[in-house]
Structures are given as C-alpha cells and as structure tokens.
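Report on the structure given below.
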Amino acid sequence: MPGGLPVAEAVERAQANLESIKPTCSAELLALLELCEAGYATLGDGFDDSALEGLYAIAVKGIGAGEVCGAPPVDIALTSFCDLLDHLRTLRRFDRAAVGVHVQAWRLLMSPGVPKAGAEQILEGLLKVRARYAAEAAAAASNAA
Amino acid sequence: MALDASSRARFNLEKASILLLDDTAMGMSILVQIVTGLGAKQLYRCNAYEMAQEVAQTHEIDLAIVDALAPSGQGYDFVQWLRRETQEPNCYAPVLITTAHTPTSDIVRARDAGGHFIIKKPLAPIVLLERIVWVARAGRPFLFTGSYVGPDRRFRDDGPPDGVGRRREDLVKAEAEAKAQAEGEAQPEAEAPPERSTG
C-alpha cells in the first residue's frame, strides 16, 4: 500500500475542510465589515493617514475569506479597496466617495443571493474608481524615481 | 508546469514539519484546513513573529508557510531573519509567503525577503500544493550576498528536458506509435497490387 495521498483526493479533502469552516468564516468576515463601516463613519473630511491605515488593516484581513464563504467577489472588492487605500496614502489624498463605495460594495457582495451579473457590475465600478488613483500613484512614483 | 487537480499522482506530507505563520484566526484556520486536507500532520501554528522565531530556533522545519502580516509586513522580516539568523537546516527551509495584498512600499521587501514563492490570497488548495511540489522538485541554488539571502530568484520552469516527455505523454505517444505500426503493417497488404496470375 503506497503512502501519501493522490493529488485529486488531497485537493478534495482540503476543499471539504474549507467547506466545514464556512459559517465561522462568514461570521468573522461580517465582523470585519462592521468594524470597517464603523471606521468609515468616523472619517473626517481631510486626509488622515492613520485612519486610512486603520481601514487598510481591516480590509486586508478579509481578503481570502470571500472565496471560503462562497462569495469570491468579496475578495476582489477588498483587493480593490486595499489598492485604493494604498494609492490614497501614497498620494496623501482623501476621497470619501471612493472609500465609501468600496465599503458599501463589501456589504452588498456579502448579501446572500447577489446575482452574478450584479456582482460583476459592482466590481467593474470599483475597478474604475481604483484605476483613477492607480494611474496617478504610478505617475507620482515615476516622478519621484 | 501546472498540477492537474484530478491527477492520481501521490505525494506525502505526513512526516513534514510545517511552520504556519498568520496573525488572524481566520487566516490561520483557512491555512490549517488546507494543509491538513493535503495530508500534513505536524503543524506549528504561530500567530506572531516572535512565536515563529521561537519555533524556528527550537524545532527542525521542513516547510514554512508565512503570511506577510500586512500592514506591518513582519512576515517578510521573519523570512529574512530565518535565512540569516537560524542554524542549518532551517535557514534553507522552503518558504512560501502568502499575501492578501502587497502595498507599493513593500514590493521590494517582498522580493528580497528570501521566500521561494509568493502566493496571493485567496488560497486555493491546488495552487498551494503545486507550489509545495515545485519547491520540493526544483532544488534552486541558494545565494548569499550582502543584500539577499535565499533561493536564486532567476529561475523558470521549462518542463522536462528536450526529447523527454512526461510519463503519460510517453504512454500516449507509445500507444500511437504502436497503433500506427500495426496499421502500417496491415496497410501494405491492403494496398499491395494484386498478384498477377502467372498461371
């Protein structure tokens, strides 16, 4: 009897294990979302690096859980959010609407039964917002170099 | 070369000592579920840089799966420390770095930490397994320079050497050749002009 596991069986077992933690994972992701919403609610009008860093620290912890919770678009939205926060911090700028739309999208994408087309539309919008600051941050980085 | 998720090829992580570093309960839980599903049994679960340091100083490890620990990026510091400060064999241990997001300011740090691979979250079991198999097979040389200690970053996976296929491909090829040969042997008879009657 050979030792070890066949690849197919191992991958299947790992997927089944992940399925078993789906409820805990969903609860923890929801708790992070609530923290993020609370943090967003306290943001002022101007650039506040430590506040943006705080939001980043919350959002980054959620990436990877969306897939496990059966909501993979959440991971994409959170990655976009982290990119945005990183760009804003690099540019030392603040855009309440851009931050807010990401927080709201996170909430929406966590809702059960979001249609695939709707999720795609939300993500498309987020990526456009992110892209606006990505170009500026890249230009700033190349000017600094 | 991608690992086929339906492959019947076997691998064994049962006796491997694996250090896991992730500072979130959810991140650690996901990682543990994946690696135990892949058959690993000896896990050192570390939720902080200092804890991982202690494990690396007191136990021999065969593999480390280290989260970058954003936003502090302490995971990169741990890998750098592992490469520079620990005794053999741990300083050469295969290291997979997982990251949820890499801020622009950490890209160089990530590149120079000394990990074998950086894997973007969400983690998929097949991807993690594929990287583990790559690390085990590749045998990348180690570099010790003033600014970098770790596996050579200039590498690529070219697949098997020229003229050598994978076993499954060899089998398919051999079967095709055998079939062609069998057909080839049969064909001349069919295509041979009818023998003239000399009678």
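Same order as they appear, the protein sequences are chains D and S.
FYI, the working numbering numbers position 44 of the first sequence as 44, with every residue one higher than the one before it.
Take any residue in the second sequence, note its place counting from 1, add 1000, and you have its number in the working numbering.
Think of the CB as a built atom: it goes at the ideal place given N, C-alpha and C, for glycine as much as any other residue.
The structure displayed is predicted, hence computed values, not measured ones.
Where Lys-1015 of chain S sits in the DSSP three-state scheme: Collapsing the DSSP output to three states places Lys-1015 of chain S in coil.
Chain S contact residues for Leu-18 of chain D, given Cβ-Cβ distances below 8 Å: At a C-beta separation below 8 Å, Leu-18 of chain D has these neighbours in chain S: Ile-1030, Gln-1033, Ile-1034, Gly-1037, Pro-1125.
Where Pro-1094 of chain S falls: helix, strand or coil (DSSP): Correct three-state label for Pro-1094 of chain S: coil.
Range of the contiguous alpha helix (DSSP H) that encloses Arg-1131 of chain S: 1125-1138
Under the three-state DSSP convention, the category Gly-46 of chain D falls into: coil
Under 8 Å between C-beta atoms of Ile-1126 of chain S and Val-68 of chain D: no
Thr-1099 of chain S in three-state terms, based on DSSP: strand
Contacts that Cys-25 of chain D makes with chain S (C-beta to C-beta distance below 9 Å): Met-1026, Ser-1029, Ile-1030
Proximal residues to Leu-1128 of chain S (C-beta, below 8 Å), its chain only, five neighbours per side dropped: Ile-1034, Val-1035, Leu-1038, Ile-1065, Leu-1096, Ile-1119
is_contact[Ala-1100 of chain S, chain D] using C-beta, thresh 8 Å: yes
Terminal residues of the alpha helix (DSSP H) in which Ala-140 of chain D lies: 116-144
Range of the contiguous alpha helix (DSSP H) that encloses Ile-1107 of chain S: Counting along the chain, the alpha helix (DSSP H) containing Ile-1107 of chain S begins and ends at 1107-1112.
C-beta neighbour in chain D for Arg-1010 of chain S, strict 8 Å: yes
Cβ separation of Thr-1098 of chain S and Asp-1062 of chain S, assumed to be a contact under 8 Å, to the nearest whole Å: Incorrect: roughly 17 Å between the Cβ atoms, too far for contact.
Glu-1014 of chain S: contacting residues in chain D (beta-carbon distance under 8 Å): Per Cβ cutoff of 8 Å: Gly-3, Gly-4.
Element boundaries [beta strand (DSSP E), containing Pro-1151 of chain S]: 1149-1151
Which residues DSSP lists as bridging Arg-1045 of chain S, in chain order: According to DSSP, Arg-1045 of chain S bridges with S:Leu-1020.
Euclidean distance between Cα positions of Ser-1147 of chain S and Asp-1112 of chain S: A straight line joining the alpha-carbon of Ser-1147 of chain S with that of Asp-1112 of chain S spans about 8 Å.
Positions along the segment 60-75 of chain D whose CB lies within less than 9 Å of some CB in chain S: Val-60, Lys-61, Gly-62, Ile-63, Gly-64, Ala-65, Gly-66, Glu-67, Val-68, Pro-72, Asp-75
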